[in-house]
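Chemist:
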Amino acid sequence: MTDEMPKPAPELDEETIAFAQRVFQHARAGQVQELGDLLRMGLPPNLRNEKGDSLLMLASYHGHAEAVRLLLEHGADPELANDRGQTPLAGAAFKGDMASVESLLDGGADVNGRGDGGKTPLMVAAMFNRVEIVEMLLSRGADPQARDAGGLTAEALASAMGAYDTAELLARSAQS
């Protein structure tokens, strides 16, 4: 054991901060050319901002499937959650972006991966009445009987949120 104090994180200069902000804006805006150039120059694909949002999370949440595919091709981790425990797949499911959801699943995202409160992407999509996303997640192996940390299924969560289309869809799928 040593008596050395841990070194403080280095201060970032204004130019570095401005560059980082531009990089995250490229992901938010789906600017594939700019992201591709930076990734080819060595930009880490799992770079995260001060909230823990990765480039992939930002591209997924903002519905930029082409940027999602590019980041996955460069090694971005589809399971890397932000500081709130949200995964890129749950973000895309919440927003109802079918193309990003498909790209994430094709890129290795866990269809039954757990996020904040033990919620799966199916639960998130069901809660926000994303019928097409729920159908696709079910077709890709999502477990409709999975329970969150509070013991609720996707169907129960959808009903509680007034998302009756997805609640009905999940009830029908449970009967078949």
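All residue numbers in the sequence shown are consecutive under the working numbering, ending with 1020.
Where a beta carbon is used, it is the ideal one built from N, C-alpha and C, also for glycine.
None of the values given here were measured: they were computed from a predicted structure.
(1) Does the segment 908-923 touch the segment 949-965, meaning 3 or more C-beta pairs lie closer than 8 Å?
(2) What is the rounded straight-line gap between the Cα of Ala990 and the Cα of Ala936?
(3) So what does DSSP say about Arg884, is it helix, strand or coil?
(4) On the DSSP bridge list, what partners appear for Ser898?
(5) Among Leu933, Gly874, Asp941 and Gly961, which one has its Cα closest to the Cα of Leu949?
(6) Within its chain, find whatever has a CB closer than 7 Å to the CB of Lys939; leave out the 5 residues flanking it on each side and keep chain order.
(7) Decide if Thr860 is buried, meaning its Cβ has at least 16 other Cβ atoms within 10 Å, or exposed.
(8) Please state whether the Cβ-Cβ distance between Pro889 and Ala920 is less than 8 Å.
(9) Using CA coordinates, which residue listed in Arg958, Lys895, Leu902 and Asp897 is at the minimum distance from Gly874?
(10) Quick one: what does DSSP say Ser983 is sitting in, helix, strand or coil?
(11) Contact defined as beta carbons within less than 8 Å: I believe Ser1003 pairs with Ala1011. What is the distance between those atoms, to the nearest angstrom?
(12) Go ahead and pull the three-state DSSP assignment for Met1005.
(13) Considering only the alpha carbon of each residue, which of Val867, Arg958, Asp881 and Ala925 lies closest to Lys895?
(14) Can you name the start and end residues of the alpha helix (DSSP H) that Val945 belongs to?
(15) Straight-line CA distance for Gly880 to Arg958?
Modeler: The answer reads as follows:
(1) Under the three-pair Cβ rule at 8 Å, the segment 949-965 counts as touching the segment 908-923.
(2) Mapped onto the sequence shown, residue 990 falls at position 146. Mapped onto the sequence shown, residue 936 falls at position 92. Their Cα atoms are separated by approximately 19 Å.
(3) Sequence index remark: in the sequence shown, residue 884 carries index 40 (1-based). Secondary structure of Arg884 (DSSP, three-state): helix.
(4) Working through the sequence shown from its first residue, we reach residue 898 at position 54. Arg892, per the DSSP bridge assignment.
(5) Numbered from 1 along the sequence shown, position 105 holds the residue referred to as residue 949. Out of Leu933, Gly874, Asp941 and Gly961, Leu933 has the C-alpha closest to the C-alpha of Leu949.
(6) As a first step, residue 939 is located in the sequence shown; it is residue number 95 there, counting from the start. Cβ neighbours of Lys939 beyond the five flanking positions: Tyr905 and Gly907.
(7) If you number the sequence shown from 1, residue 860 lands on position 16. So Thr860 counts as exposed.
(8) The residue given as residue 889 occupies position 45 in the sequence shown. The residue given as residue 920 occupies position 76 in the sequence shown. Yes, the Cβ-Cβ distance between Pro889 and Ala920 is below 8 Å.
(9) On the sequence shown, residue 874 is found 30 positions in, with the first residue counted as 1. Ranking the options by Cα distance to Gly874, first place goes to Leu902.
(10) Here residue 983 is taken as the residue at index 139 of the sequence shown, counted from 1. DSSP places Ser983 in helix when its eight states are reduced to three.
(11) Here residue 1003 refers to the residue found at position 159 of the sequence shown. Here residue 1011 refers to the residue found at position 167 of the sequence shown. Their Cβ separation, rounded to whole angstroms, is 4 Å, which keeps Ser1003 and Ala1011 in contact under 8 Å.
(12) For the purposes of this step, residue 1005 is identified with residue 161 of the sequence shown, where counting begins at 1. Coil at Met1005, not helix or strand.
(13) Within the sequence shown, numbered from 1, the residue matching residue 895 stands at position 51. For Lys895, the nearest C-alpha among the options comes from Ala925.
(14) Reading the sequence shown from its first residue, position 101 is the one you call residue 945. Met942 to Asp950 is the span of the alpha helix (DSSP H), which, as asked, contains Val945.
(15) Along the sequence shown, one-based indexing puts residue 880 at 36. Along the sequence shown, one-based indexing puts residue 958 at 114. Linking Gly880 to Arg958 through their CA atoms gives a straight-line distance of about 29 Å.
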